[in-house]
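As structure tokens, the structure follows; a few thoughts come after it.
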């Protein structure tokens, strides 16, 4: 019988320098998410997606830069979104990405992605509470527009 060598892996997170918030953030509205992420996403020259990972009480336990795309799109796969959520043992997450054009209106692709990620989250037991699109001076919230459950 032939013996095979199979590699073993250890999976972990690397904690990066912290971002300070006052007070400790609890996300109860899309406005609070917008205020948190606008400095990261406004006025970027290409699309970026961030995830806010929350515990069962909706307290922030981590932020992750999930993807960077080009001027019109970012390629997002559910496994990239939920990888950090699983490693952080998050109960919920909020996604946000920017539109470099400044117009936060969701595209067809944005709507399809949000539906797909909400379905994946349901399977994993990690609620997608909201998905914000951040423009130059305003935002669009899928939860506020009834596409996802509200944050309250």
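In the working numbering, the protein residues as written are 1031 to 1182.
Heads up, the beta-carbon is just placed ideally off N, CA and C, and yes, glycines get one too.
Out of the options, which has the shortest C-alpha to C-alpha gap to residue i?
{"i": "residue 1084", "options": "1169, 1058, 1178", "result": "1058"}
{"i": "residue 1138", "options": "1163, 1154, 1124", "result": "1163"}
{"i": "residue 1155", "options": "1145, 1131, 1120", "result": "1120"}
{"i": "residue 1160", "options": "1145, 1031, 1153", "result": "1145"}
{"i": "residue 1096", "options": "1072, 1087, 1117, 1125", "result": "1125"}
{"i": "residue 1086", "options": "1150, 1063, 1070, 1115", "result": "1115"}
{"i": "residue 1100", "options": "1128, 1112, 1141, 1082", "result": "1128"}
{"i": "residue 1076", "options": "1141, 1108, 1132, 1157", "result": "1132"}
{"i": "residue 1172", "options": "1034, 1042, 1080, 1148", "result": "1148"}
Based on the DSSP output, what are the partners of residue i in its beta bridges?
{"i": "residue 1160", "result": "1124"}
{"i": "residue 1081", "result": "1094, 1125"}
{"i": "residue 1171", "result": "1162"}
What residue range does the alpha helix (DSSP H) around residue i cover?
{"i": "residue 1064", "result": "1060 to 1071"}
{"i": "residue 1108", "result": "1108 to 1117"}
{"i": "residue 1145", "result": "1138 to 1154"}
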